[in-house]
Every structure is written in structure tokens, then in C-alpha cells.
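Student:
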């Protein structure tokens, strides 16, 4: 949900008009719209490049993941890992576009630890994977845009830690 929909729903629930503070938060949201859209576009347009770089970084840092017995050993497991990279990157773009971490929480983090544990995927390994995804993504953004996008990656990392 965007700031706009949150303000409208809350005001409607309370049968009132949005307050001046709420209207200012909508105005601030609108003013950052171009930046948020630019960041999301850059991430989406470079998904393949970002995912390739992130997996390269992760495999270099943790070759045990792709060695026999590792969770990403074999073509099928490796492709599932790469698929998850793209999925998390898409979640990040949702959060950036909304200007809020709520879409990340609702769509992607509820039950994620339990899911990975049940599949035998080490959660600390997923934290490292998201950190690699963050670095590969932020390297493509300007310093200002990277500063805007970084907290969304950090939110996922923190939720998995």
C-alpha cells in the first residue's frame, strides 16, 4: 500500500478528512515519485545483470554452496537459487515504488524463515545471498538512489537474520 492509500483508508475508517500532516506526507511521497520510479526502472531493466553479478559474488564468497552437498549444488538447485534472487529483487522494487516496506513484508517475508528451514535451506546463506543482491544492485545506482534503495534490502536482511 502506498502512503496515499494508507492515508485515505485510515481517514475513511475514522470518518474524517485527511489531516494536514497526512496531506504533507502525501505531498512528500509525490515529490519522491520520480526518484522511486527511476530506481525501480533501473533495477527491473537490469534484473538479469544484477542477478548474474549477485550469484557470481555469492559463489565466489561461498563455493561450498555449489559444491557437492551444498544447497545450490546441481543445475536444478542453482536455478532455484537464481529464481529466488529475481523474486527478491522484484520485492525490492515493490517496496521502492510504494515508498514503504509493507509490500515486502506482506508479499515476501511472512513465513520465509519457516519455509527455508523446512526446505533445508540455511537462512544465514540467504542473508548472504540478499547482501550480494544488494551490492550488485546498488552498484548500478547513483549514490543518492542507492541510499534510497538500500534500506529495502536491509529490511529483508534484518528479517531473515
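In our numbering, the protein residues as written are 48 to 208.
Just so it is clear, CB atoms sit at the ideal spot from N, CA and C, and this is done for glycine as well.
Model, not experiment: these values are computed from the prediction.
#1: Which residue's Cα is closest to the Cα of residue 82: 182, 145, 180?
#2: How long is the line joining the alpha carbons of residue 116 and residue 200, rounded to whole angstroms?
#3: Excluding the 5 residues preceding and the 5 following residue 66 in the sequence, name in chain order all residues of the same chain whose CB lies nearer than 7 Å to its CB.
#4: Give the secondary structure of residue 147 by DSSP, where H, G and I count as helix, E and B as strand, and everything else as coil.
#5: Give a yes or no on whether the C-beta atoms belonging to residue 94 and residue 127 are separated by under 8 Å.
#6: Would you call the CB atoms of residue 189 and residue 90 closer than 8 Å?
#7: CA-CA distance, residue 118 and residue 149?
#8: Which runs of the beta strand (DSSP E) fall wholly inside the segment 128 to 177 and span at least 3 residues, in chain order?
#9: Is it true that the segment 98 to 116 meets the segment 167 to 175, where meeting means three or more beta-carbon pairs spaced less than 8 Å apart?
#10: By Cβ distance, which residues of its chain are closer than 8 Å to residue 164, with the 5 residues on each side in sequence left out?
#11: Keeping to the same chain, check which residues put their C-beta closer than 8 Å to that of residue 85; ignore five residues upstream and five downstream.
#12: For residue 186, which of helix, strand or coil comes out of DSSP?
#13: Check each candidate in 196, 168, 204, 206 and name the one with the smallest Cα separation from residue 88.
Tutor: Quick look at the numbers:
#1: Start at 1 with the first residue of the chain shown, and residue 82 comes out as number 35. Looking from the CA of residue 82, the closest CA among 182, 145, 180 belongs to 145.
#2: Here residue 116 refers to the residue found at position 69 when the chain shown is read from its first residue. Here residue 200 refers to the residue found at position 153 when the chain shown is read from its first residue. Separation of residue 116 and residue 200 (C-alpha to C-alpha, rounded to the nearest whole angstrom) is 28 Å.
#3: The residue you call residue 66 lines up with position 19 of the chain shown. Result list for residue 66: empty, nothing under 7 Å.
#4: Within the chain shown, residue 147 is the residue found at index 100, counting from 1. Residue 147 falls in the coil class under three-state DSSP.
#5: For the purposes of this step, residue 94 is taken as residue 47 along the chain shown, with counting starting at 1. For the purposes of this step, residue 127 is taken as residue 80 along the chain shown, with counting starting at 1. Their beta carbons are not under 8 Å apart, which means residue 94 does not touch residue 127 by this criterion.
#6: In the chain shown, the residue the question calls residue 189 occupies position 142. In the chain shown, the residue the question calls residue 90 occupies position 43. Against a cut-off of 8 Å, the Cβ pair of residue 90 and residue 189 comes out as no contact.
#7: Numbered from 1 along the chain shown, position 71 holds the residue referred to as residue 118. Numbered from 1 along the chain shown, position 102 holds the residue referred to as residue 149. Going from the Cα of residue 118 to the Cα of residue 149 covers about 29 Å.
#8: Runs of the beta strand (DSSP E) lying entirely within the segment 128 to 177, each at least 3 residues long, are absent.
#9: Taking 8 Å as the limit for Cβ pairs, the verdict is that the segment 167 to 175 does touch the segment 98 to 116.
#10: Here residue 164 refers to the residue found at position 117 when the chain shown is read from its first residue. So the list reads 170, once near-sequence residues are dropped.
#11: Residue numbering aside, residue 85 sits at position 38 when the chain shown is read from its first letter. Excluding the 5 residues flanking it on each side, residue 85 has same chain C-beta neighbours closer than 8 Å at 192, in chain order.
#12: Taking the first residue of the chain shown as position 1, residue 186 is located at position 139. Three-state result, residue 186: coil.
#13: In the chain shown, counting from the first residue as 1, residue 88 sits at position 41. It is 196 whose Cα lies nearest to the Cα of residue 88.
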